[in-house]
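Chains as they are written, first to last, in the working numbering: chain V, 5 to 422; chain F, 5 to 422.
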């Protein structure tokens, strides 16, 4: 049997194996179990098949103490998780009258009627404890077998999350009797993973209280410190975490932009909010994505005044005041146009800062001598501006994402240095 | 041993189990193997641990013919996949001089120097065939054991994808000697999953050539037909697929918006491109997301003229011409303001159509009597407009996403009915 606080996850769904959908359950559950002092030790993705579910589950009974199964509890013919779990445990399904009544009530309260297809949602392996689903039709269940507790939860993310919080977390919390593990995140941008390890590897290698992992992504690299579960002297945690922060700030300056979980847009946004300053944006190749990232953050209306996506030259002139002469002489993808876009956005909105992007997102070529990936990023303020020329590589999506992150970092760098 | 064309995937990464990153490999691989007549039968996510990788892998040797392992080939201390695979197969690691030279050349060509940390990337289980990684530092490898072929590929998505195409796909294609399976996708919006099955369940239940699955998502529900691998009479494929398309069109009209893989933004975009018509957008609560979705599509500059994110009232007036009186009398979240935004965007950009969104995204409340989720969506054209009032539920992200999809569908509905 594995450690008490190791959890295994079985995610059921043909659509995940066929690449029709990206799984979001594992990342939710991985984070949700940390404060319980537990961890996801392993995960499996299986097909919507009674045999497959049964095979994977039965292999884990008696091996791991806690198994979470998600998905396949709906009313459609491919929802076979109830049958798969029953087969895996060698049990029969039993019809549960109270659940069927609850499902019918759920539909009635919405002025609709439960269908015969919904009736199978009230069947559970014999001996299950039914877990009510307040706002969905699919109840979950919990069942013990061979020293293993199996929780089975519905697949829709909102339902999974609510039911995990209300049913599973309290049950696990009782069982895992230890303090939550500490996880510290250090977020960086614009420095490659191996360069980063060359620069701060010595500090990271000297840590005794934490395990280190690094997460390269298109937006940058995160360094994660996870408290060792064997740690006895917890006073080391602060000292070592501070040492990492200091080493990063010394080595890469403002490219270490966050100690915590906030996105670059959140960090920039909260700096603007604190300073009571505002921003206006002018986007060309990024097409609204910078605005989207900034307004993902609740309360963004306090500092985002406007975002003008000026895809056509006419819009650059009419909405941002870029001069027709500049466009004619230097082209839309140029330092000069980027400068006028950044100033134009700021001036028209009476904002403290203007951001601008213009470039060639691809996949096919831009104007002559302007290759795919060529991008100008601009930050404008009262009395000056900073324009950077970049040649990004990758797909259309990569290039656009890098342009968004790049210009947000330029603003952050400017704000930190003021 | 499982079927020849069943593939298992082992994805290595603590960050996935801790919820620090969402996996994208499985969805890529699931789609990438379909044309080869293969399928991903099962997937496992394991920790960056020699023991764990070894345990999961050794359990699959002799059980399944093809295993793909991804991730953990980098230069950092937590990159232990080479050691884990070697341990799982009971083999030693051997240093491979030619790969070390290639890694050094890779760095030299970029004006940098390979570090000692990179040296471990040239070690492979004895007997491996090394798979070159043209544009990254981490080579992959292929090794046979107990009738199972194990391919090990690096984790960065671009590298995984390139190496799958250049090394793995050709090898599998030789082995799986059958025609690609057909997969038909039918995309819908604005109809719940169980209502959809009530409406077209009879048609779907009568299919003999396909397996049916449905994918509910925040954007809508997709119905997928996957050719049964046992199918002998392939002439049924067209007939049955057409019958499903007909049933959907009859039951839900333009809410069945795509037979294929295109997103709603792509469908709308290609209709505009065909008609040589243009669009201008005015966003408030969606903050640039509609622009982002439309400009995700290559070639969007042919029909997207501009997108004005007018978060402040002043921007609504200055950039879109919404009258101060309207804002004063009805508020920013109102049918009247939405109407003026849609017309204003269209008029200023001289576009054929204007789109507008305004609403309360939350999570905290909007103006009095304007609850979180209240949204107005507008489409404007020469001579008229259509404004819809909606009360969306869910998170800030859900509400904003639904508003984006809702207004794109309104335009599609208008275009289809013209």
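By construction, the Cβ of each residue, glycine as well, lies at the ideal position given by its N, Cα and C atoms.
Nothing here was measured: the structure is a model prediction, and the numbers come from that model.
| Asked | Found |
| --- | --- |
| Any C-beta of chain F under 8 Å from that of residue 308 of chain V | yes |
| Interface partners of residue 26 of chain F on chain V, CB under 7 Å | 26, 28, 31 |
| Coarse secondary structure for residue 402 of chain V, derived from DSSP in three states | helix |
| Reference residue 93 of chain F, options F:147, F:407, F:116, closest by Cα | F:147 |
| Chain V within 8 Å of residue 293 of chain F, Cβ atoms only | yes |
| Presumed contact (8 Å Cβ cut-off) between residue 213 of chain V and residue 285 of chain V, rounded CB distance | Rounded, the Cβ-Cβ distance is 42 Å, inconsistent with contact. |
| Exposure of residue 117 of chain F, with buried meaning 16 or more beta-carbon neighbours within 10 Å | exposed |
| N- and C-terminal bounds of the beta strand (DSSP E) containing residue 265 of chain V | Looking at the DSSP string, residue 265 of chain V is not in any beta strand (DSSP E), and its letter there is neither H nor E. |
| Cut-off 7 Å between Cβ atoms - residues of its own chain near residue 260 of chain F, not counting five sequence neighbours on either side | 190, 192, 252, 253 |
| N-terminal and C-terminal residue of the alpha helix (DSSP H) that residue 34 of chain F is part of | 29-37 |
| Proximity test, Cβ basis, 8 Å: residue 315 of chain F and chain V | yes |
| Residues within the segment 150-182 of chain F neighbouring chain V, beta-carbon criterion of under 8 Å | 160, 162 |
| Neighbourhood of residue 110 of chain F by C-beta, 6 Å cutoff - its chain only, sequence neighbours within 5 removed | 141 |
| Residue 19 of chain F: contacting residues in chain V (beta-carbon distance under 7 Å) | 217, 219 |
| Cβ contact check for the segment 33-40 of chain V and the segment 51-65 of chain V: 3 or more pairs under 8 Å | no |
| Under the three-state DSSP convention, the category residue 326 of chain V falls into | coil |
| Cutoff 8 Å: residue 50 of chain V Cβ touching any chain F Cβ | yes |
| Three or more C-beta pairs below 8 Å linking the segment 377-396 of chain V and the segment 359-366 of chain V | yes |
| Residues of its chain near residue 40 of chain F, where Cβ-Cβ distance is below 6 Å and the 5 sequence neighbours each way are ignored | 176, 177, 180 |
| Under 8 Å between C-beta atoms of residue 85 of chain F and residue 76 of chain F | yes |
| Residue span of the alpha helix (DSSP H) that contains residue 120 of chain F, given as start and end | 120-123 |
| Residue closest to residue 419 of chain V, alpha-carbon to alpha-carbon, out of V:297, V:271, V:398 | V:271 |
| Rounded straight-line distance, which links the Cα of residue 12 of chain V to that of residue 29 of chain V | 13 Å |
| Per-residue contacts from residue 305 of chain V into chain F (C-beta, under 8 Å) | 315, 316 |
| Reduced DSSP category for residue 302 of chain V - H, G, I as helix; E, B as strand; rest coil | coil |
| Alpha helix (DSSP H) runs contained entirely in the segment 107-170 of chain V, provided each spans 4 or more residues | 120-123, 161-167 |
| Beta-bridge partners of residue 381 of chain V, as assigned by DSSP | V:361, V:392 |
| Per-residue contacts from residue 56 of chain V into chain F (C-beta, under 8 Å) | 45, 46 |
| According to DSSP, residues forming a beta bridge with residue 77 of chain V | Bridge partners of residue 77 of chain V: none, in fact. |
| Member of F:415, F:218, F:401 whose CA lies at the smallest distance from the CA of residue 2 of chain V | Not covered by the structure: residue 2 of chain V. The range shown for chain V is 5 to 422. |
| contact_flag[the segment 95-102 of chain F, the segment 127-135 of chain F] where n(CB pairs < 8 Å) is 3 or more | yes |
| Given residue 105 of chain F as reference, the closest of F:202, F:123, F:167 once Cα atoms are compared | F:123 |
| Neighbour list for residue 312 of chain V in chain B, Cβ cutoff strictly below 8 Å | Any reference to chain B falls outside this structure, whose protein chains are V and F. |
| 8 Å Cβ cutoff, residue 240 of chain V in contact with chain F | no |
| Residue-level contact to chain V via CB, residue 110 of chain F, 8 Å cutoff | no |
| Boundaries of the alpha helix (DSSP H) in which residue 57 of chain V is found, first to last residue | 54-64 |
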